[in-house]
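Undergrad:
Residue numbers (my numbering): 360 to 550.
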């Protein structure tokens, strides 16, 4: 029911469906020029053209949102208890899909080809180049906008491994710092 309310509200903003919609009819005068609104105000609401119910409205492909990756149930991590506490520096923020591909192929150039869209579809992961280890990130312990902003950049993190997913450890953060990837042409060194 909540998703229908949100959809009707979003369609009301575009003028496709009115907020007073019970059966899917647009509100009087919505989505029409001012001259037509003045003439339509005298008409009864029953004569207003019927729009399809909000549940049956198909949005254009360009307005559809990507599904938010939902975490599956975690598997038990098979590492030692003393390895559960991790402290990582200069890890690369990447997408889960790219991290899995990197684990299979062992080609670090995969990280260069990975786009933020891949992370939006599959979730975020980090790669530790010093130890050549991959860690999936627990979505509950990070703000997604920070990970999106820092995509391709580096992260210093202290945390704990809380389980595994697809044989990769899932890391819950206790403290982290994100350094975004510098824009192309940015100054990167000392004079």
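Cβ coordinates follow ideal geometry from the N, Cα and C atoms, glycine included.
Because the structure is a prediction, the values reported are computed rather than measured.
If contacts are defined as beta-carbon pairs under 8 Å, then residue 514 and residue 535 qualify, I think. What distance do you get, rounded to the angstrom?
TA: About 6 Å; that satisfies the 8 Å criterion.
Undergrad: Cβ atoms of residue 516 and residue 529: under 8 Å apart, would you say?
TA: No, these two residues do not count as a Cβ contact at 8 Å.
Undergrad: What is the C-beta distance between residue 486 and residue 453, in whole angstroms, given that I count them as a contact (C-beta under 8 Å)?
TA: Yes, they are in contact, since the Cβ atoms of residue 486 and residue 453 sit about 6 Å apart, within 8 Å.
Undergrad: Quick one: using the 10 Å Cβ neighbour count with 16 as the cut-off for buried, is residue 424 buried or exposed?
TA: The predicted model places residue 424 with a pLDDT of 49, which falls under 50 and marks its position as unreliable; any figure quoted below should be read in that light. Looking at its Cβ environment, which holds fewer than 16 other Cβ atoms inside 10 Å, residue 424 is exposed.
Undergrad: Does residue 411 come out as helix, strand or coil in the three-state DSSP assignment?
TA: Per-residue confidence for residue 411 stands at a pLDDT of 46, beneath the threshold of 50, marking its modelled position as unreliable; the derived number appears in the next sentence. In the structure shown, residue 411 sits in coil (DSSP, three-state: anything other than H, G, I, E or B).
Undergrad: Is it the case that the Cβ atoms of residue 478 and residue 510 are separated by a distance below 8 Å?
TA: Against a cut-off of 8 Å, the Cβ pair of residue 510 and residue 478 comes out as a contact.
Undergrad: Could you name each continuous alpha helix (DSSP H) segment of 4 residues or more that falls completely within the region 487–546, going from the start of the chain to the end?
TA: You should have 503–508.
Undergrad: Skipping 5 residues on each side, what residues in its chain have a beta carbon closer than 6 Å to that of residue 531?
TA: Counting only Cβ-Cβ distances below 6 Å, and skipping sequence neighbours, we find 497, 500, 518, 519 and 521.
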